[in-house]
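Novice: Quick one: this structure, given as structure tokens, is what I'll be asking you about.
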Amino acid sequence: HGRTDFYHPGMREERRQHPLFSFFAEVLGFLRAHSKTNVPITEAMTAQIFREASPQILRERLGVWEGPAEDPALLGGILFVLIVEGIDPTVPGGTRRRDDPRLEA
């Protein structure tokens, strides 16, 4: 149980499961569902991509972070504060982070 496979430096969080695990599970589920139909996959894939890339879906999945704000603990440092928690199981835990969460979107 003490083994760490992935480390998130901004959150200083360690985890055993890859951060993109849920993404790959969704891709496989999508491909499996459409392998049993005769509908062209390009239409379904385009609709899914536009849905997943919408700002509201991104907010729901990744949460809403406020910042950058000045970090009083570090000279010239920045701080982001979690406002709304995301539903994606691979979102880093914690309510404060020093890296930019916008890079994950």
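End of the sequence shown sits at 106 in my numbering; the numbers just go up one at a time, nothing left out. The beta-carbon is built from N, C-alpha and C at its ideal position, and this holds for glycine as well. Please read all numbers here as calculations on a predicted model, not as lab measurements.
1. Is G68 helix, strand or coil when you go by DSSP?
2. Given a cut-off of 8 Å, decide if V85 and A70 are closer than it, judged by their beta-carbon atoms.
3. Would G30 be called buried (16 or more neighbouring beta carbons within 10 Å of its own) or exposed?
4. Do you know offhand how far A109's Cα is from A54's?
5. What ranges does the alpha helix (DSSP H) occupy inside the stretch 19 to 72, keeping only unbroken runs of at least 4 residues that lie completely in it?
6. Is the separation between the beta-carbon of I88 and that of E67 shorter than 8 Å?
7. Can you tell me which of the three DSSP states I88 falls into?
8. Does the Cβ of L32 have 16 or more other Cβ atoms within 10 Å, making it buried, or fewer, making it exposed?
9. Beta-carbon separation of R99 and D72 under 8 Å?
Specialist: Looking at the coordinates:
1. As a first step, residue 68 must be located in the sequence shown, where it is residue number 67. Residue state, collapsed to three classes: strand.
2. Within the sequence shown, residue 70 is the residue found at index 69, counting from 1. Within the sequence shown, residue 85 is the residue found at index 84, counting from 1. Against a cut-off of 8 Å, the Cβ pair of V85 and A70 comes out as no contact.
3. Translated into the one-based positions of the sequence shown, residue 30 becomes position 29. Classification for G30: exposed.
4. Given a span of 2 to 106 for the chain in the structure shown, any question on residue 109 remains unanswerable.
5. 22 to 36, 42 to 53 and 56 to 63
6. On the sequence shown, residue 88 is found 87 positions in, with the first residue counted as 1. On the sequence shown, residue 67 is found 66 positions in, with the first residue counted as 1. No.
7. Sequence index remark: in the sequence shown, residue 88 carries index 87 (1-based). Coil at I88, not helix or strand.
8. One-based indexing of the sequence shown puts residue 32 at position 31. Exposed: under 16 other Cβ atoms inside 10 Å.
9. In the sequence shown, residue 99 corresponds to position 98, counting from 1. In the sequence shown, residue 72 corresponds to position 71, counting from 1. Yes.
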